[in-house]
Amino acid sequence: MAGLPISLLHRIFLLLLLVGSSSVHCSRETYSIHELRWGETGASQSTSGRRAGRAAGATMLEMRQHLQSPRPMLKLLIDDEARAESLQSRIKDPMEESTSEAQVPLVSGIKLQTLNYVVTMGVGGKNMTVIVDTGSDLTWVQCKPCSYCHSQHDPLFDASASPSYRSITCNSTTCYSLLRAATGKAGVCGADRSTCDYALSYGDGSYTRGVLGRERIDIGGASIGGFIFGCGRRNHGLFGGTAGLMGLGRTQLSLVSQTTSQFGGFFSYCLPTRILNSSGSLVLGDDPALYRNSTPVSYTRMVSDPRQAPFYFLNLTGASVGGVPLDAAGFSDGRTLIDSGTVITRLPPSVYQTLKAEFVRQFSGYPPAPSFSILDTCFNLSAYEEVKVPKLRLGFEGGAEMTVDVTGIFYFAKRDASQVCLAIASLRFDDQVGIIGNYQQKNQRVVYDTVASRIGFAEEACS
1 MAGLPISLLH
11 RIFLLLLLVG
21 SSSVHCSRET
31 YSIHELRWGE
41 TGASQSTSGR
51 RAGRAAGATM
61 LEMRQHLQSP
71 RPMLKLLIDD
81 EARAESLQSR
91 IKDPMEESTS
101 EAQVPLVSGI
111 KLQTLNYVVT
121 MGVGGKNMTV
131 IVDTGSDLTW
141 VQCKPCSYCH
151 SQHDPLFDAS
161 ASPSYRSITC
171 NSTTCYSLLR
181 AATGKAGVCG
191 ADRSTCDYAL
201 SYGDGSYTRG
211 VLGRERIDIG
221 GASIGGFIFG
231 CGRRNHGLFG
241 GTAGLMGLGR
251 TQLSLVSQTT
261 SQFGGFFSYC
271 LPTRILNSSG
281 SLVLGDDPAL
291 YRNSTPVSYT
301 RMVSDPRQAP
311 FYFLNLTGAS
321 VGGVPLDAAG
331 FSDGRTLIDS
341 GTVITRLPPS
351 VYQTLKAEFV
361 RQFSGYPPAP
371 SFSILDTCFN
381 LSAYEEVKVP
391 KLRLGFEGGA
401 EMTVDVTGIF
411 YFAKRDASQV
421 CLAIASLRFD
431 DQVGIIGNYQ
441 QKNQRVVYDT
451 VASRIGFAEE
461 ACS
(Lines of atoms letter the chains of each structure in order from A and count residues from 1; the text may use other names and numbers.)
(Lines give C-alpha, C1' and ligand atoms only; values in the text may rest on other atoms or scores of the structure.)
Protein backbone atom coordinates (compact mmCIF):
# COMPACT_ATOMS: atom_id res chain seq x y z
CA MET A 1 0.00 0.00 0.00
CA ALA A 2 1.48 3.31 -1.10
CA GLY A 3 2.58 5.58 1.73
CA LEU A 4 2.58 2.74 4.31
CA PRO A 5 6.15 1.39 4.60
CA ILE A 6 6.28 -2.21 5.77
CA SER A 7 9.36 -3.61 7.48
CA LEU A 8 10.92 -6.87 6.39
CA LEU A 9 9.79 -8.37 9.69
CA HIS A 10 6.22 -7.40 8.91
CA ARG A 11 6.46 -8.96 5.47
CA ILE A 12 7.71 -12.26 6.89
CA PHE A 13 5.07 -12.29 9.62
CA LEU A 14 2.35 -11.46 7.11
CA LEU A 15 3.33 -14.43 4.95
CA LEU A 16 3.25 -16.73 7.96
CA LEU A 17 0.00 -15.46 9.40
CA LEU A 18 -2.10 -14.81 6.35
CA VAL A 19 -2.08 -17.78 4.04
CA GLY A 20 -1.77 -16.77 0.43
CA SER A 21 -1.93 -13.04 1.17
CA SER A 22 0.58 -10.64 -0.37
CA SER A 23 -0.74 -7.27 0.84
CA VAL A 24 -2.15 -5.59 3.93
CA HIS A 25 -5.45 -4.54 2.41
CA CYS A 26 -8.09 -4.83 5.12
CA SER A 27 -9.92 -8.14 5.12
CA ARG A 28 -13.53 -7.67 6.18
CA GLU A 29 -16.71 -9.64 5.65
CA THR A 30 -20.31 -8.47 5.80
CA TYR A 31 -22.57 -10.02 8.43
CA SER A 32 -26.12 -9.38 9.51
CA ILE A 33 -26.58 -8.24 13.10
CA HIS A 34 -28.32 -11.56 13.78
CA GLU A 35 -25.23 -13.49 12.68
CA LEU A 36 -23.01 -11.53 15.04
CA ARG A 37 -25.07 -12.43 18.09
CA TRP A 38 -23.82 -15.21 20.28
CA GLY A 39 -26.45 -17.41 21.87
CA GLU A 40 -29.49 -16.83 19.65
CA THR A 41 -32.03 -19.60 20.13
CA GLY A 42 -33.09 -20.05 16.54
CA ALA A 43 -32.80 -23.20 14.49
CA SER A 44 -29.37 -24.69 14.28
CA GLN A 45 -27.63 -27.29 12.24
CA SER A 46 -28.48 -30.88 13.00
CA THR A 47 -26.33 -32.46 15.65
CA SER A 48 -27.51 -36.01 15.09
CA GLY A 49 -24.11 -37.01 13.74
CA ARG A 50 -22.33 -35.70 16.83
CA ARG A 51 -23.91 -37.83 19.53
CA ALA A 52 -21.73 -39.70 21.99
CA GLY A 53 -20.10 -42.69 20.38
CA ARG A 54 -17.02 -44.77 19.93
CA ALA A 55 -14.47 -45.18 17.18
CA ALA A 56 -11.23 -47.13 17.03
CA GLY A 57 -8.92 -45.64 19.65
CA ALA A 58 -11.22 -42.70 20.41
CA THR A 59 -14.53 -41.81 21.97
CA MET A 60 -16.79 -38.79 21.43
CA LEU A 61 -19.11 -37.07 23.90
CA GLU A 62 -21.80 -34.54 23.12
CA MET A 63 -20.76 -31.13 24.48
CA ARG A 64 -23.41 -28.59 25.44
CA GLN A 65 -23.76 -25.20 27.02
CA HIS A 66 -25.32 -25.29 30.46
CA LEU A 67 -28.06 -22.66 30.75
CA GLN A 68 -28.68 -21.20 34.17
CA SER A 69 -31.23 -18.56 35.06
CA PRO A 70 -30.18 -15.20 33.55
CA ARG A 71 -27.90 -13.02 35.62
CA PRO A 72 -27.32 -9.28 35.15
CA MET A 73 -24.88 -8.81 32.30
CA LEU A 74 -22.70 -6.38 34.24
CA LYS A 75 -22.37 -8.78 37.17
CA LEU A 76 -21.38 -11.58 34.82
CA LEU A 77 -18.45 -9.62 33.44
CA ILE A 78 -17.40 -8.52 36.91
CA ASP A 79 -17.32 -12.17 37.96
CA ASP A 80 -15.25 -13.07 34.92
CA GLU A 81 -12.77 -10.32 35.79
CA ALA A 82 -12.49 -11.72 39.31
CA ARG A 83 -11.64 -15.12 37.86
CA ALA A 84 -9.00 -13.64 35.56
CA GLU A 85 -7.41 -11.79 38.49
CA SER A 86 -7.41 -15.04 40.48
CA LEU A 87 -5.59 -16.81 37.62
CA GLN A 88 -2.98 -14.06 37.44
CA SER A 89 -2.37 -14.36 41.17
CA ARG A 90 -2.05 -18.13 40.85
CA ILE A 91 0.43 -17.87 37.98
CA LYS A 92 2.53 -15.21 39.71
CA ASP A 93 2.69 -17.09 43.02
CA PRO A 94 2.86 -20.84 42.34
CA MET A 95 0.70 -22.96 44.60
CA GLU A 96 2.27 -24.05 47.83
CA GLU A 97 0.87 -26.39 50.40
CA SER A 98 -1.25 -24.52 52.91
CA THR A 99 -2.58 -25.49 56.29
CA SER A 100 -6.18 -25.66 55.12
CA GLU A 101 -7.19 -26.18 51.49
CA ALA A 102 -5.70 -26.33 48.02
CA GLN A 103 -6.22 -23.26 45.87
CA VAL A 104 -7.19 -24.10 42.29
CA PRO A 105 -8.92 -21.97 39.65
CA LEU A 106 -12.63 -22.43 39.12
CA VAL A 107 -13.92 -23.26 35.68
CA SER A 108 -17.40 -21.82 35.73
CA GLY A 109 -19.16 -21.33 32.42
CA ILE A 110 -22.07 -19.74 34.24
CA LYS A 111 -20.26 -16.48 33.56
CA LEU A 112 -22.01 -14.70 30.69
CA GLN A 113 -25.15 -16.72 31.37
CA THR A 114 -24.45 -19.85 29.32
CA LEU A 115 -20.77 -20.51 28.95
CA ASN A 116 -20.78 -23.57 31.13
CA TYR A 117 -19.73 -26.36 28.81
CA VAL A 118 -20.87 -29.74 30.05
CA VAL A 119 -20.83 -33.40 29.07
CA THR A 120 -22.59 -36.46 30.43
CA MET A 121 -20.50 -39.31 31.79
CA GLY A 122 -21.40 -42.51 33.60
CA VAL A 123 -20.15 -42.95 37.17
CA GLY A 124 -20.76 -46.42 38.56
CA GLY A 125 -23.47 -46.91 35.94
CA LYS A 126 -25.26 -43.63 36.76
CA ASN A 127 -25.28 -40.72 34.32
CA MET A 128 -23.80 -37.47 35.65
CA THR A 129 -23.64 -34.08 33.93
CA VAL A 130 -20.30 -32.42 34.68
CA ILE A 131 -18.50 -29.20 33.77
CA VAL A 132 -15.56 -29.61 31.37
CA ASP A 133 -12.47 -27.99 32.92
CA THR A 134 -9.07 -27.79 31.21
CA GLY A 135 -7.70 -25.77 34.14
CA SER A 136 -7.85 -28.41 36.87
CA ASP A 137 -7.16 -32.10 37.29
CA LEU A 138 -9.42 -33.74 39.84
CA THR A 139 -12.71 -35.06 38.48
CA TRP A 140 -15.40 -35.06 41.17
CA VAL A 141 -19.14 -35.52 41.60
CA GLN A 142 -21.48 -34.92 44.53
CA CYS A 143 -22.06 -38.01 46.63
CA LYS A 144 -24.28 -39.40 49.35
CA PRO A 145 -24.21 -38.80 52.26
CA CYS A 146 -23.95 -35.09 51.48
CA SER A 147 -23.87 -32.69 54.41
CA TYR A 148 -24.00 -29.62 52.15
CA CYS A 149 -24.56 -29.92 48.41
CA HIS A 150 -25.70 -27.55 45.70
CA SER A 151 -28.86 -28.48 43.82
CA GLN A 152 -28.25 -30.73 40.81
CA HIS A 153 -30.44 -32.26 38.10
CA ASP A 154 -29.02 -35.77 38.39
CA PRO A 155 -29.47 -37.95 41.49
CA LEU A 156 -26.55 -37.87 43.91
CA PHE A 157 -24.03 -40.66 43.44
CA ASP A 158 -24.30 -43.29 46.16
CA ALA A 159 -20.95 -45.01 46.57
CA SER A 160 -22.36 -47.50 49.09
CA ALA A 161 -24.76 -48.84 46.45
CA SER A 162 -22.06 -49.36 43.80
CA PRO A 163 -20.27 -52.75 43.79
CA SER A 164 -17.40 -51.29 41.73
CA TYR A 165 -16.56 -48.41 44.11
CA ARG A 166 -13.38 -48.64 46.18
CA SER A 167 -12.05 -46.18 48.76
CA ILE A 168 -8.51 -44.81 48.52
CA THR A 169 -6.53 -45.07 51.76
CA CYS A 170 -4.87 -42.06 53.34
CA ASN A 171 -1.44 -43.69 53.45
CA SER A 172 -1.33 -44.25 49.69
CA THR A 173 0.80 -42.50 47.08
CA THR A 174 -2.40 -41.37 45.36
CA CYS A 175 -3.63 -39.60 48.49
CA TYR A 176 -0.37 -37.82 49.16
CA SER A 177 1.81 -37.37 46.08
CA LEU A 178 -0.67 -37.39 43.19
CA LEU A 179 -3.26 -35.22 44.91
CA ARG A 180 -0.58 -32.76 45.97
CA ALA A 181 0.84 -32.58 42.43
CA ALA A 182 -2.61 -31.92 41.02
CA THR A 183 -3.87 -29.42 43.58
CA GLY A 184 -0.96 -28.27 45.74
CA LYS A 185 -2.47 -29.93 48.81
CA ALA A 186 -1.99 -33.53 49.89
CA GLY A 187 -4.96 -35.52 51.14
CA VAL A 188 -5.42 -36.23 54.83
CA CYS A 189 -6.71 -39.20 56.80
CA GLY A 190 -10.43 -39.32 57.43
CA ALA A 191 -12.02 -39.80 60.82
CA ASP A 192 -11.66 -43.57 60.64
CA ARG A 193 -8.02 -43.25 59.52
CA SER A 194 -8.73 -45.31 56.40
CA THR A 195 -10.15 -42.89 53.83
CA CYS A 196 -8.36 -40.09 51.97
CA ASP A 197 -10.08 -36.75 52.52
CA TYR A 198 -9.58 -33.85 50.11
CA ALA A 199 -10.54 -30.17 50.31
CA LEU A 200 -10.35 -27.93 47.24
CA SER A 201 -11.23 -24.26 47.38
CA TYR A 202 -11.59 -22.14 44.25
CA GLY A 203 -10.74 -18.51 43.55
CA ASP A 204 -14.28 -17.17 43.98
CA GLY A 205 -15.03 -18.93 47.27
CA SER A 206 -16.56 -22.05 45.74
CA TYR A 207 -15.28 -25.34 47.10
CA THR A 208 -15.62 -29.12 47.15
CA ARG A 209 -14.70 -31.40 50.06
CA GLY A 210 -14.99 -35.15 50.25
CA VAL A 211 -13.12 -38.43 49.87
CA LEU A 212 -11.06 -39.93 47.06
CA GLY A 213 -12.24 -43.18 45.54
CA ARG A 214 -11.99 -45.44 42.52
CA GLU A 215 -14.95 -46.21 40.28
CA ARG A 216 -15.86 -47.36 36.80
CA ILE A 217 -16.70 -44.47 34.49
CA ASP A 218 -18.35 -44.62 31.06
CA ILE A 219 -17.53 -41.92 28.55
CA GLY A 220 -18.92 -41.96 25.03
CA GLY A 221 -19.22 -45.74 24.93
CA ALA A 222 -15.82 -46.43 26.51
CA SER A 223 -15.63 -47.96 29.98
CA ILE A 224 -12.73 -47.08 32.30
CA GLY A 225 -12.27 -49.18 35.44
CA GLY A 226 -10.61 -48.01 38.65
CA PHE A 227 -10.82 -44.32 37.76
CA ILE A 228 -9.66 -42.05 40.60
CA PHE A 229 -12.16 -39.30 41.40
CA GLY A 230 -13.46 -37.16 44.22
CA CYS A 231 -16.69 -38.06 46.01
CA GLY A 232 -17.81 -34.60 47.11
CA ARG A 233 -19.83 -34.49 50.33
CA ARG A 234 -19.67 -30.79 51.03
CA ASN A 235 -19.78 -28.54 47.96
CA HIS A 236 -20.71 -24.95 47.30
CA GLY A 237 -20.37 -22.45 44.48
CA LEU A 238 -20.96 -21.71 40.82
CA PHE A 239 -21.51 -25.25 39.65
CA GLY A 240 -25.11 -24.66 38.59
CA GLY A 241 -27.26 -27.75 38.38
CA THR A 242 -24.36 -30.00 37.39
CA ALA A 243 -23.17 -33.00 39.36
CA GLY A 244 -19.55 -31.85 39.47
CA LEU A 245 -16.52 -31.34 37.30
CA MET A 246 -14.37 -33.22 34.75
CA GLY A 247 -10.68 -32.36 35.14
CA LEU A 248 -8.74 -32.25 31.85
CA GLY A 249 -5.50 -30.72 33.16
CA ARG A 250 -1.95 -32.02 32.79
CA THR A 251 -1.07 -33.93 35.99
CA GLN A 252 -1.46 -37.65 36.69
CA LEU A 253 -4.88 -37.34 38.34
CA SER A 254 -6.55 -35.76 35.32
CA LEU A 255 -8.89 -37.76 33.13
CA VAL A 256 -6.47 -37.24 30.24
CA SER A 257 -3.56 -38.84 32.14
CA GLN A 258 -5.60 -41.63 33.69
CA THR A 259 -6.87 -42.72 30.26
CA THR A 260 -3.56 -42.47 28.38
CA SER A 261 -3.53 -46.22 27.72
CA GLN A 262 -6.97 -45.95 26.07
CA PHE A 263 -6.77 -42.57 24.34
CA GLY A 264 -3.06 -41.80 24.07
CA GLY A 265 -3.11 -38.56 26.08
CA PHE A 266 -5.04 -36.88 23.27
CA PHE A 267 -8.28 -34.90 23.41
CA SER A 268 -10.04 -32.13 21.52
CA TYR A 269 -13.22 -30.11 21.68
CA CYS A 270 -15.40 -27.89 19.55
CA LEU A 271 -17.47 -25.32 21.46
CA PRO A 272 -20.91 -24.50 20.03
CA THR A 273 -22.04 -20.93 19.43
CA ARG A 274 -25.69 -21.27 20.36
CA ILE A 275 -27.45 -21.88 23.65
CA LEU A 276 -30.31 -24.21 22.73
CA ASN A 277 -30.85 -26.98 20.20
CA SER A 278 -27.17 -27.41 19.47
CA SER A 279 -24.12 -29.17 20.81
CA GLY A 280 -20.43 -29.38 20.14
CA SER A 281 -18.22 -32.35 20.90
CA LEU A 282 -15.47 -33.51 23.22
CA VAL A 283 -13.31 -36.19 21.62
CA LEU A 284 -10.98 -38.32 23.73
CA GLY A 285 -8.35 -39.94 21.52
CA ASP A 286 -6.79 -39.15 18.17
CA ASP A 287 -9.30 -39.88 15.44
CA PRO A 288 -9.53 -37.03 12.89
CA ALA A 289 -12.48 -38.87 11.29
CA LEU A 290 -14.57 -37.58 14.20
CA TYR A 291 -13.70 -33.97 13.36
CA ARG A 292 -15.54 -31.76 10.91
CA ASN A 293 -12.85 -29.14 10.47
CA SER A 294 -12.87 -27.05 7.33
CA THR A 295 -9.17 -26.10 7.59
CA PRO A 296 -6.13 -28.28 8.44
CA VAL A 297 -5.08 -28.49 12.09
CA SER A 298 -2.07 -26.24 12.72
CA TYR A 299 -0.01 -27.00 15.83
CA THR A 300 2.02 -24.99 18.30
CA ARG A 301 4.22 -26.11 21.16
CA MET A 302 2.83 -26.46 24.69
CA VAL A 303 4.91 -24.40 27.09
CA SER A 304 5.56 -26.32 30.30
CA ASP A 305 5.73 -24.71 33.73
CA PRO A 306 6.39 -27.25 36.51
CA ARG A 307 5.13 -24.72 39.06
CA GLN A 308 1.77 -24.57 37.29
CA ALA A 309 1.35 -28.21 36.36
CA PRO A 310 -2.38 -28.31 35.47
CA PHE A 311 -2.33 -25.38 33.03
CA TYR A 312 -1.91 -25.38 29.25
CA PHE A 313 0.41 -22.56 28.14
CA LEU A 314 1.48 -21.60 24.61
CA ASN A 315 3.38 -18.72 23.01
CA LEU A 316 1.35 -16.00 21.29
CA THR A 317 3.70 -14.50 18.71
CA GLY A 318 1.44 -12.25 16.66
CA ALA A 319 -2.04 -11.22 15.60
CA SER A 320 -3.76 -9.53 12.70
CA VAL A 321 -6.90 -7.44 12.34
CA GLY A 322 -8.53 -7.39 8.92
CA GLY A 323 -5.33 -8.77 7.39
CA VAL A 324 -3.12 -6.09 8.95
CA PRO A 325 -0.39 -7.60 11.17
CA LEU A 326 0.06 -5.98 14.57
CA ASP A 327 3.39 -4.78 15.91
CA ALA A 328 3.37 -4.81 19.71
CA ALA A 329 6.07 -5.17 22.35
CA GLY A 330 3.93 -7.67 24.26
CA PHE A 331 4.52 -10.34 21.60
CA SER A 332 8.18 -10.59 22.68
CA ASP A 333 7.13 -12.54 25.79
CA GLY A 334 4.04 -14.26 24.53
CA ARG A 335 3.40 -16.93 27.17
CA THR A 336 -0.37 -17.31 27.14
CA LEU A 337 -2.84 -19.55 28.96
CA ILE A 338 -5.62 -21.24 27.01
CA ASP A 339 -8.52 -21.91 29.32
CA SER A 340 -11.99 -23.39 28.91
CA GLY A 341 -13.28 -21.58 32.01
CA THR A 342 -12.31 -17.95 31.48
CA VAL A 343 -14.85 -16.32 29.18
CA ILE A 344 -13.30 -13.15 27.75
CA THR A 345 -9.78 -13.19 26.29
CA ARG A 346 -7.27 -10.95 28.08
CA LEU A 347 -4.17 -9.53 26.39
CA PRO A 348 -1.18 -7.58 27.74
CA PRO A 349 -1.82 -3.79 27.52
CA SER A 350 0.66 -3.17 24.69
CA VAL A 351 -0.92 -5.92 22.57
CA TYR A 352 -4.48 -4.97 23.44
CA GLN A 353 -4.01 -1.26 22.72
CA THR A 354 -2.46 -2.04 19.33
CA LEU A 355 -5.26 -4.45 18.46
CA LYS A 356 -7.91 -2.02 19.66
CA ALA A 357 -6.48 0.88 17.66
CA GLU A 358 -6.40 -1.13 14.44
CA PHE A 359 -9.88 -2.55 14.99
CA VAL A 360 -11.32 0.94 15.65
CA ARG A 361 -9.54 2.27 12.55
CA GLN A 362 -11.14 -0.38 10.36
CA PHE A 363 -14.53 -0.12 12.11
CA SER A 364 -14.54 3.69 12.21
CA GLY A 365 -17.67 4.08 10.09
CA TYR A 366 -19.88 2.97 12.97
CA PRO A 367 -20.85 5.22 15.90
CA PRO A 368 -19.21 4.58 19.28
CA ALA A 369 -21.09 3.58 22.43
CA PRO A 370 -20.16 3.77 26.13
CA SER A 371 -17.86 1.16 27.65
CA PHE A 372 -19.40 -1.83 29.38
CA SER A 373 -17.62 -3.15 32.46
CA ILE A 374 -14.22 -4.56 31.37
CA LEU A 375 -15.07 -4.02 27.67
CA ASP A 376 -13.97 -0.53 26.64
CA THR A 377 -14.42 -0.64 22.85
CA CYS A 378 -18.13 -0.46 22.09
CA PHE A 379 -20.35 0.60 19.20
CA ASN A 380 -23.97 1.51 18.57
CA LEU A 381 -25.14 -0.78 15.76
CA SER A 382 -28.88 -0.43 16.36
CA ALA A 383 -29.41 1.42 13.08
CA TYR A 384 -27.74 -1.25 10.95
CA GLU A 385 -29.00 -4.50 9.50
CA GLU A 386 -25.53 -5.48 8.24
CA VAL A 387 -22.00 -4.51 9.23
CA LYS A 388 -18.54 -5.21 7.80
CA VAL A 389 -16.43 -6.96 10.43
CA PRO A 390 -12.61 -7.22 10.27
CA LYS A 391 -11.23 -10.73 10.57
CA LEU A 392 -9.26 -11.40 13.75
CA ARG A 393 -6.45 -13.95 13.76
CA LEU A 394 -4.06 -14.99 16.52
CA GLY A 395 -0.65 -16.39 15.59
CA PHE A 396 1.41 -18.81 17.68
CA GLU A 397 4.94 -20.15 17.79
CA GLY A 398 5.65 -22.47 14.89
CA GLY A 399 3.20 -20.80 12.52
CA ALA A 400 -0.06 -22.08 14.02
CA GLU A 401 -2.98 -19.68 13.89
CA MET A 402 -6.51 -19.37 15.18
CA THR A 403 -9.15 -17.38 13.33
CA VAL A 404 -11.70 -16.03 15.81
CA ASP A 405 -15.25 -16.84 14.78
CA VAL A 406 -17.41 -13.78 14.14
CA THR A 407 -19.61 -14.69 17.13
CA GLY A 408 -16.50 -14.39 19.31
CA ILE A 409 -15.62 -10.86 18.19
CA PHE A 410 -18.57 -8.93 19.60
CA TYR A 411 -20.39 -9.04 22.92
CA PHE A 412 -23.93 -7.67 22.87
CA ALA A 413 -24.31 -5.70 26.10
CA LYS A 414 -27.77 -4.66 24.89
CA ARG A 415 -29.97 -6.87 22.78
CA ASP A 416 -31.11 -3.96 20.60
CA ALA A 417 -27.47 -3.63 19.43
CA SER A 418 -27.14 -0.11 20.84
CA GLN A 419 -24.13 -1.27 22.88
CA VAL A 420 -22.05 -3.90 21.11
CA CYS A 421 -18.49 -4.32 22.40
CA LEU A 422 -15.27 -5.85 21.19
CA ALA A 423 -15.15 -9.04 23.30
CA ILE A 424 -11.51 -8.74 24.35
CA ALA A 425 -10.14 -7.02 27.45
CA SER A 426 -6.80 -5.67 28.59
CA LEU A 427 -4.71 -6.98 31.45
CA ARG A 428 -3.33 -4.41 33.86
CA PHE A 429 0.37 -4.97 33.19
CA ASP A 430 2.52 -6.20 30.31
CA ASP A 431 4.22 -8.81 32.50
CA GLN A 432 0.93 -10.57 33.20
CA VAL A 433 0.07 -13.74 31.30
CA GLY A 434 -2.48 -13.49 28.49
CA ILE A 435 -5.55 -15.71 28.62
CA ILE A 436 -7.44 -17.09 25.62
CA GLY A 437 -11.02 -17.42 26.84
CA ASN A 438 -13.72 -19.74 25.59
CA TYR A 439 -15.70 -16.89 24.02
CA GLN A 440 -13.01 -16.69 21.34
CA GLN A 441 -12.67 -20.48 20.99
CA LYS A 442 -16.12 -21.11 19.55
CA ASN A 443 -16.37 -22.88 16.19
CA GLN A 444 -12.78 -24.11 16.54
CA ARG A 445 -11.48 -27.64 16.83
CA VAL A 446 -8.95 -27.18 19.63
CA VAL A 447 -6.65 -30.21 19.84
CA TYR A 448 -4.53 -31.13 22.88
CA ASP A 449 -1.74 -33.67 22.27
CA THR A 450 -0.16 -34.07 25.71
CA VAL A 451 2.30 -36.78 24.61
CA ALA A 452 3.80 -34.70 21.80
CA SER A 453 3.26 -31.56 23.95
CA ARG A 454 1.42 -29.52 21.34
CA ILE A 455 -1.91 -27.73 20.83
CA GLY A 456 -3.65 -27.42 17.48
CA PHE A 457 -6.37 -25.23 15.95
CA ALA A 458 -8.70 -25.72 13.00
CA GLU A 459 -11.91 -24.00 11.94
CA GLU A 460 -15.02 -26.15 12.41
CA ALA A 461 -18.76 -25.55 12.51
CA CYS A 462 -19.48 -26.84 16.00
CA SER A 463 -23.16 -26.00 16.46
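Per full-length UniProt numbering, numbering of the sequence shown is gapless, rising by one per residue and ending at 463.
The C-beta atom is built at its ideal place from N, Cα and C for all residues, glycine as well.
Here the structure is a predicted model, which is why all the values come from computation and not from measurement.
* Asked: Can you tell me whether DSSP reads residue 390 as helix, strand or coil?
  -> Note: residue 390 maps to strand in three-state DSSP.
* Asked: Are three or more beta carbon pairs between the segment 257–268 and the segment 282–290 nearer than 8 Å?
  -> Enough Cβ pairs lie closer than 8 Å, so yes.
* **Per-residue DSSP class, three states only, for residue 48** => Low per-residue confidence applies at residue 48: pLDDT is 39, beneath 50, and the placement is therefore not dependable enough to give any value.
* Asked: Among residues of its own chain, excluding the 5 on either side of residue 259, which ones have a beta-carbon nearer than 7 Å to its beta-carbon?
  -> Excluding sequence neighbours, residue 259 sits near 224 and 284.
* Between the Cα of residue 228 and the Cα atoms of 236, 198, 241 and 220, which residue gives the shortest distance? -> Checking every option, the nearest Cα to that of residue 228 belongs to 198.
* Asked: So what's residue 411 in DSSP terms, helix, strand or just coil?
  -> Here DSSP, grouped into helix, strand and coil, assigns residue 411 to strand.
* **Cβ neighbours of residue 64 in the same chain (closer than 6 Å, five flanking residues each side left out)** => So the list reads 118 and 279, once near-sequence residues are dropped.
* To do: Could you say which of 181, 323 and 341 lies nearest to residue 133 if we only look at CA atoms?
  => Among 181, 323 and 341, the Cα nearest to that of residue 133 is on 341.
* Report the partner residues of residue 131 according to the DSSP bridge assignment. => Beta-bridge pairing links residue 131 to 118 and 245.
* From 291, 158, 426 and 460, residue whose alpha carbon lies closest to that of residue 61 -> For the residues 291, 158, 426 and 460, the minimum Cα distance to residue 61 belongs to 291.
* Secondary structure at residue 164, three-state DSSP: helix, strand or coil? -> Residue 164 falls in the coil class under three-state DSSP.
* **Sequence-distant residues of its chain with Cβ nearer than 6 Å to residue 88 (five each side left out)** => Closer than 6 Å at Cβ, skipping near neighbours: 432.
* By Cβ distance below 6 Å, which residues in the same chain neighbour residue 367 in space, the five residues on each side in sequence not counted? -> Closer than 6 Å at Cβ, skipping near neighbours: 380.
* If you draw a straight line from the alpha carbon of residue 349 to that of residue 355, how long is it in whole angstroms? -> Whole-angstrom Cα-Cα distance: 10 Å.
* To do: Could you tell me the boundaries of the beta strand (DSSP E) in which residue 374 lies?
  => Segment: none, residue 374 is in no beta strand (DSSP E) and carries neither H nor E.
* Asked: Residue range of the beta strand (DSSP E) that residue 356 falls in?
  -> Boundaries for residue 356: no beta strand (DSSP E) harbours it, while the alpha helix (DSSP H) harbouring it runs 349–362, taken from the DSSP string.
* Asked: Is DSSP giving residue 171 helix, strand or coil here?
  -> In this structure, residue 171 counts as coil in the three-state DSSP scheme.
* CA-to-CA distance, residue 374 to residue 346, given in whole angstroms -> Taking the straight line from one Cα to the other gives about 10 Å.
* C-alpha gap between residue 376 and residue 323, whole angstroms -> Cα-Cα distance, rounded: 23 Å.
* **Which of helix, strand or coil DSSP assigns to residue 444** => In this structure, residue 444 counts as strand in the three-state DSSP scheme.
* **Enclosing beta strand (DSSP E) for residue 381 [first to last residue]** => Looking at the DSSP string, residue 381 is not in any beta strand (DSSP E), and its letter there is neither H nor E.
* Asked: Near residue 437, which residues of its chain fall below 7 Å by C-beta distance, leaving aside the five closest residues on each side in sequence?
  -> Same-chain partners within the cutoff: 339, 342, 343, 344 and 345.
* **Chain-order list of residues whose beta-carbon lies under 7 Å from that of residue 317 (same chain, five-residue window excluded)** => If we look at residue 317 and ignore the five residues flanking it on each side, its Cβ neighbours are 331, 334, 395, 396 and 397.
* To do: Would you decide whether residue 29 is buried or exposed? Buried here means 16 or more other CB atoms lie within 10 Å of its CB.
  => So residue 29 ends up on the exposed side.
* Residues that residue 313 bridges to, as DSSP identifies them -> Bridge partners of residue 313: 303 and 337.
* Out of 428, 403, 399 and 415, point me to the one whose CA is closest to residue 454's CA. => Here the closest residue by C-alpha is 399.
* Asked: Using the beta-carbon count (16 or more within 10 Å), is residue 100 buried or exposed?
  -> Confidence in residue 100 is poor, its pLDDT being 30 and thus under 50, which makes the residue's placement too unreliable to answer from.
* Buried or exposed by the 16-neighbour rule on C-beta atoms within 10 Å, applied to residue 171 -> Residue 171 is exposed by the Cβ-count criterion.
* **Cβ shell of residue 270 (< 6 Å), same chain only, five flanking positions each side left out** => For residue 270, where only same-chain residues beyond five positions count, the Cβ hits under 6 Å are 280, 281, 445, 460 and 462.
* Asked: Would the segment 141–150 and the segment 165–181 be scored as touching if the rule is three or more Cβ pairs under 8 Å?
  -> With a cut-off of 8 Å, the segment 165–181 and the segment 141–150 do not count as touching, because too few Cβ pairs lie within range.
* Return the residue from the list 300, 128 and 165 that minimises the CA-CA distance to residue 452. => Taking the Cα of residue 452 as reference, the smallest distance to any Cα among 300, 128 and 165 is reached at 300.
* Taking the continuous beta strand (DSSP E) assigned at residue 35, which residues delimit it? -> Careful: residue 35 lies outside any beta strand (DSSP E), inside the alpha helix (DSSP H) at 33–36.
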